[in-house]
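Asks: What follows is a structure written as structure tokens; I'll ask about it next.
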Amino acid sequence: MEDAGVSRAVFIHTGTFYGWDNRYVMDSTKQYSEWATGVVTLSPDNPQHHEVLQDAVQNYSIRGLRGTSDQNGQISSIAVRKLCILARDLGITVNCMVTDDLGRLYEIELMSRQFDELNIVIDHCFMLNTVRKTEETLIALERLAHQPNIHAKLTSGTHGSARVYPHEDMHVPLKRVIDAFGPERCVWGSNFPNALWSKGTTYVQNLSLFTDELGLSQWEQEQILGGTAERLWFP
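Residue numbers (the working numbering): -6 to 228.
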């Protein structure tokens, strides 16, 4: 981070390895709270996770919830709504992680309207890529961009690409997302650990994709690489 000129970080719990056990991200966020915050991943089907979320926010400097579908693959269920209501009441951001399930589009749109004071981030932009469902995914994102409390996390620039760095095939899709949401509702992500998620692209290259390759203005870079994250996770 220091070598790349990055001064703050949002640690995001990855359920692919740790399941629902958020102790690592919570302990790390608490330890490095001067420059970091965190996002926990909880099950909407486990009522005890309401207490976990409250504890994480109140005692571990957690500022976000990675919201997932329930056990039936739904976002609009009572269980998911209750967890999102708690996140809203705690004043934190919800990262909506439904991978590439575009069938959840209208449920996310409805939730954003019903909880218009809740900031929602579309995690990985529905896994936007240049191999499958590219246009459908972009159309879905452009529809959600009409909701002012929905944001786009631009982490698909590397793992959504079929090419090596600088991932030219993802430049146009990324610019369409930025144009739809505006830079002030787009946020960069490092895809760390990069050896696992970035197809050989390094942490610094993940950053230089936005500083050197996409042709973004200084203001656009300031929003995507810092301003949006400050508003969402460092109020």
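The beta-carbon is built from N, C-alpha and C at its ideal position, and this holds for glycine as well. Just so you know, these numbers come straight off a predicted model, no measurement behind them.
#1: Whole angstroms is fine: what's the gap from Cys118's alpha carbon to Leu218's?
#2: Output needed for Val165: all residues of its chain with C-beta closer than 6 Å, excluding positions within five of it in sequence on either side, in chain order.
#3: In the DSSP assignment, find the unbroken beta strand (DSSP E) run with Gly57 in it and report its ends.
#4: Using DSSP's beta-bridge definition, name the partner residues of His144.
#5: Are the CB atoms of Asn184 and Thr148 within a distance shorter than 7 Å?
#6: Would you mind working out which of Leu167, Gln24 and Leu137 sits nearest Thr127, comparing C-alpha positions?
#7: When the Cβ atoms of the region 76 to 91 are set against those of the region 105 to 114, are three or more pairs found closer than 8 Å?
#8: Taking the continuous alpha helix (DSSP H) assigned at Ala80, which residues delimit it?
#9: Please report the straight-line C-alpha distance between Val124 and Pro176, rounded to a whole angstrom.
#10: Give me the DSSP bridge partner(s) of Ile5.
Replies: Reading from the atomic positions:
#1: 16 Å
#2: none
#3: Ile55 to Gly60
#4: Val114
#5: yes
#6: Leu167
#7: yes
#8: Ile71 to Leu83
#9: 25 Å
#10: Val32
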